[in-house]
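This report concerns only the one structure given below.
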Amino acid sequence: MVKFITLEDYYTEQEPISSEDKVEAQHEQEQIEKPFVFINAAMSADGKIATIQRTQTRISGIKDFDRVDALRAESDALMVGVGTVLADDPSLTVKSQKRRERRKRAGMDENPWRIVVDSKARTPSDAEVLNKGEGKRIVAVSEQAIVEDIGRLGEKAEVLVCGQTEVDLKRLLHDLALRGVRKVMVEGGARLNWSLLSQRLVDEIYTFVGNLVIGGDSAPTLVDGRGFDTLEALLKLQLIRTEKLDEGILLRWRVVNEVPKAYENDHETA
Ligand SMILES: NC(=O)c1ccc[n+]([C@@H]2O[C@H](COP(=O)([O-])OP(=O)(O)OC[C@H]3O[C@@H](n4cnc5c(N)ncnc54)[C@H](OP(=O)(O)O)[C@@H]3O)[C@@H](O)[C@H]2O)c1
Numbered sequence: 046m047v048k049f050i051t052l053e054d055y056y057t058e059q060e061p062i063s064s065e066d067k068v069e070a071q072h073e074q075e076q077i078e079k080p081f082v083f084i085n086a087a088m089s090a091d092g093k094i095a096t097i098q099r100t101q102t103r104i105s106g107i108k109d110f111d112r113v114d115a116l117r118a119e120s121d122a123l124m125v126g127v128g129t130v131l132a133d134d135p136s137l138t139v140k141s142q143k144r145r146e147r148r149k150r151a152g153m154d155e156n157p158w159r160i161v162v163d164s165k166a167r168t169p170s171d172a173e174v175l176n177k178g179e180g181k182r183i184v185a186v187s188e189q190a191i192v193e194d195i196g197r198l199g200e201k202a203e204v205l206v207c208g209q210t211e212v213d214l215k216r217l218l219h220d221l222a223l224r225g226v227r228k229v230m231v232e233g234g235a236r237l238n239w240s241l242l243s244q245r246l247v248d249e250i251y252t253f254v255g256n257l258v259i260g261g262d263s264a265p266t267l268v269d270g271r272g273f274d275t276l277e278a279l280l281k282l283q284l285i286r287t288e289k290l291d292e293g294i295l296l297r298w299r300v301v302n303e304v305p306k307a308y309e310n311d312h313e314t315a
């Protein structure tokens with residue numbers, strides 16, 4: 046049974062509650078079977094999150110990196126797709142020592158849970174996300190993963206078999222909620238973003254739009270995947286914050302997750 050989370054539980058440190066954050070916590074109360082899920086990404090002015098070589102690209106500046114670090118430190122779990130692990134090899138650690146110490150003082154690990162969504166257990170054993178910094182790790186795989194790879198990854202992380210051909214994200218999020226994870230920060234990439242958004246599992250999106258154009262038909266965008274095929278199915282967003290940051294702009298969006306009737310039984314998952 047998932048614990049019902051109140052506004053008071055959510056703000057344990059009794060910080061002043063902004064109206065934006067109240068809405069975030071109310072969402073959490075309404076959706077007790079899964080944690081609050083938000084995507085954070087940096088994209089170019091033309092909506093790309095990497096180059097055509099799919100290599101990591103510096104889009105943000107110092108202030109935005111610090112904002113991302115603060116969001117990480119406030120989250121219970123950080124999630125990425127295996128495509129991002131293979132392309133960027135991120136460690137997903139909290140960079141600020143002060144923030145790591147604050148987490149320790151609050152009785153938490155220095156880093157949030159790190160979750161890799163990886164149907165076929167392709168995550169390399171030496172991936173930074175499995176090796177750098179303290180904290181729990183989960184590699185979520187499907188029944189397609191071979192036993193040897195599950196064993197190999199099991200030495201570094203908890204391996205959760207969750208889904209037949211790809212990772213069942215609803216089940217994964219439900220499982221995380223049962224473990225007490227209340228806030229999940231998704232850090233890409235494009236296909237994972239699509240799966241989560243198209244299954245109406247995302248509550249908010251932060252996009253930092255940087256001052257460059259990347260271009261390229263095959264360069265990953267904020268959301269790739271199949272795409273919605275009817276106008277009714279398009280996912281609507283509400284703009285809740287804008288801020289000029291570094292040489293770009295930060296946008297915070299709330300996802301309007303009401304499913305159009307005609308589309309209810311036709312959710313794309315990959
Ligand atoms: N600018 C930014 O903020 C930012 C942030 C992160 C990433 N990126 C960029 O994004 C690119 C990576 O994006 P990507 O789309 O290639 O990879 P991704 O979204 O990180 O990972 C997608 C992979 O995850 C696996 N997966 C398992 N279950 C899934 C499910 N239910 N839904 C979706 N995926 C599932 C699939 O591989 P299997 O079938 O093998 O399991 C799938 O191909 C890189 O170029 C990286 O640099 C940019």
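Each number in the working numbering comes from the position in the sequence shown (counting from 1) with 45 added on. Note that beta-carbon positions come from the ideal geometry of N, C-alpha and C, so glycine has one too.
Report the three-state DSSP secondary structure of residue i (helix, strand or coil).
i, result
"glutamine 283", "strand"
"arginine 144", "helix"
"glutamine 76", "Caution is warranted here: a pLDDT of 48 is assigned to glutamine 76, below 50, making its placement in the model unreliable, and no coordinate value can be reported."
"arginine 167", "coil"
"phenylalanine 273", "coil"
"arginine 150", "helix"
"alanine 122", "strand"
"valine 231", "strand"
"glutamate 288", "strand"
"threonine 266", "strand"
"isoleucine 50", "Low per-residue confidence applies at isoleucine 50: pLDDT is 32, beneath 50, and the placement is therefore not dependable, though the value from the model is reported in the following sentence. Note: isoleucine 50 maps to coil in three-state DSSP."
Going by DSSP, what residue range makes up the alpha helix (DSSP H) through residue i?
i, result
"alanine 235", "235 to 243"
"isoleucine 195", "192 to 199"
"valine 174", "173 to 176"
"glutamate 119", "107 to 119"
For the beta strand (DSSP E) containing residue i, list its first residue and its last residue.
i, result
"glycine 128", "Glycine 128 -> not in any beta strand (DSSP E); alpha helix (DSSP H) instead, spanning 127 to 133."
"leucine 296", "293 to 301"
"alanine 87", "81 to 88"
"alanine 185", "182 to 186"
"glutamate 249", "249 to 254"
"arginine 159", "158 to 162"
Comparing the CB of residue i with every heavy atom of ligand 3, is any distance shorter than 7 Å?
i, result
"isoleucine 104", "As presented, the structure is devoid of ligand 3, carrying ligand 1 as its sole ligands."
Less than 8 Å between the CB atoms is what I'm expecting for residue i and residue j, so what's the real figure, rounded?
i, j, result
"serine 180", "arginine 159", "The amino acid occupying residue 180 in the given sequence is glycine; serine does not appear at that position. Confirmed, about 6 Å."
"leucine 205", "alanine 185", "5 Å"
"arginine 144", "alanine 122", "Between alanine 122 and arginine 144 the Cβ distance is about 16 Å, and since that is not below 8 Å, they are no contact."
"glycine 178", "glutamate 203", "Contact doesn't hold; Cβ gap of about 16 Å is too wide."
"valine 192", "valine 162", "Not really, about 19 Å apart at Cβ, beyond 8 Å."
"leucine 237", "valine 125", "7 Å"
For chain D, find out if any of its Cβ atoms is closer than 8 Å to the Cβ of residue i; answer yes or no.
i, result
"arginine 299", "The chain labelled as chain D is not found in the depicted structure, where only one protein chain is given."
- Query: Using 8 Å as the Cβ pair cut-off and three pairs as the minimum, do the segment 90 to 98 and the segment 253 to 269 touch?
  - Reply: Short answer: they touch.
- Unbroken beta strand (DSSP E) runs of length 3 or more, entirely within the segment 203 to 229: which are they? Entirely contained in the segment 203 to 229, the beta strand (DSSP E) runs reaching 3 residues are, in chain order, 203 to 206.
- Assess, as a yes-or-no matter, whether the segment 95 to 114 is touched by the segment 263 to 272 under the definition of 3 or more beta carbon pairs within less than 8 Å. Between the segment 263 to 272 and the segment 95 to 114, the count of Cβ pairs shorter than 8 Å is three or higher; the stretches touch.
- Can we say the segment 284 to 293 touches the segment 97 to 117, given the rule of at least three CB pairs closer than 8 Å? Yes, since at least three Cβ pairs between the segment 284 to 293 and the segment 97 to 117 fall closer than 8 Å, the two stretches touch.
- Item | Touch test, the segment 231 to 246 against the segment 184 to 202, Cβ-Cβ under 8 Å, three pairs minimum | With the cut-off at 8 Å, the segment 231 to 246 and the segment 184 to 202 do not touch.
- For the segment 186 to 194 against the segment 207 to 214, are there 3 or more C-beta pairs whose distance is under 8 Å? Short answer: they touch.
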